[in-house]
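Visitor: Below is a structure I'd like to ask you about.
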Amino acid sequence: TDQNFQQIKMWRRPALVVLYLGVVVAVTYLLELWFWWDNGFTSYQNVNPLRGLSVAQIHSLLELRGVEYTTMLEKTEIVDLLHHSGSVHFGEIMKKSQNIQRILPIEINSKEEYYQQVNKKSEI
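The number in our numbering is simply the position in the sequence shown, starting from 1, with 28 added.
Encoded structure:
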């Protein structure tokens, strides 16, 4: 019985560490869920909102802020310019992406249809 007690005692610390880590992960998940519920986006998206944005999306954010970016060639330069123009929040990105209209491809079957589309675009 003394040997069984020693084996149980030996496994007590690792079991408590695993239990502690499980509680920490659960509490962190609940806090993240609460943050998402209040703000509509996760804290990771708030920390790194530019991750995964295309250059066109970054250009549209700069245009929204009235910042000139035409001399910038590299994406890193454009991202730095956006950072220097002010902090970027995920909500701002979501609002801008909702305002972007999706342009559907046009099917052109003849030369006349092509000229009609070109003239329609130039009138806008």
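Where a beta carbon is used, it is the ideal one built from N, C-alpha and C, also for glycine. Model, not experiment: these values are computed from the prediction.
Can you tell me the Cα-Cα spacing of Glu102 and Val45, whole angstroms?
Guide: So the two alpha carbons sit approximately 47 Å from each other.
Visitor: Are the CB atoms of Trp64 and Thr56 nearer to each other than 9 Å?
Guide: Cβ atoms of Trp64 and Thr56: not closer than 9 Å.
Visitor: Can you look up Ile97 in the DSSP assignment and give me helix, strand or coil?
Guide: In the sequence as displayed, the identity of residue 97 is Tyr instead of Ile. If DSSP states are grouped into helix, strand and coil, Tyr97 belongs with coil.
Visitor: What did DSSP end up calling Thr70 once you bin it into helix, strand or coil?
Guide: In the structure shown, Thr70 sits in coil (DSSP, three-state: anything other than H, G, I, E or B).
Visitor: Would you say the region 103 to 118 touches the region 79 to 91, given that touching needs at least three Cβ pairs under 8 Å?
Guide: Output reads yes: the region 79 to 91 touches the region 103 to 118.
Visitor: Please report how far the alpha carbon of Tyr97 lies from the alpha carbon of Glu105, in whole angstroms.
Guide: Going by the C-alpha atoms only, they are around 9 Å apart.
Visitor: Just the C-alpha distance for Ser138 and Asn147, rounded to the nearest angstrom, thanks.
Guide: Approximately 15 Å between the Cα atoms of the pair.
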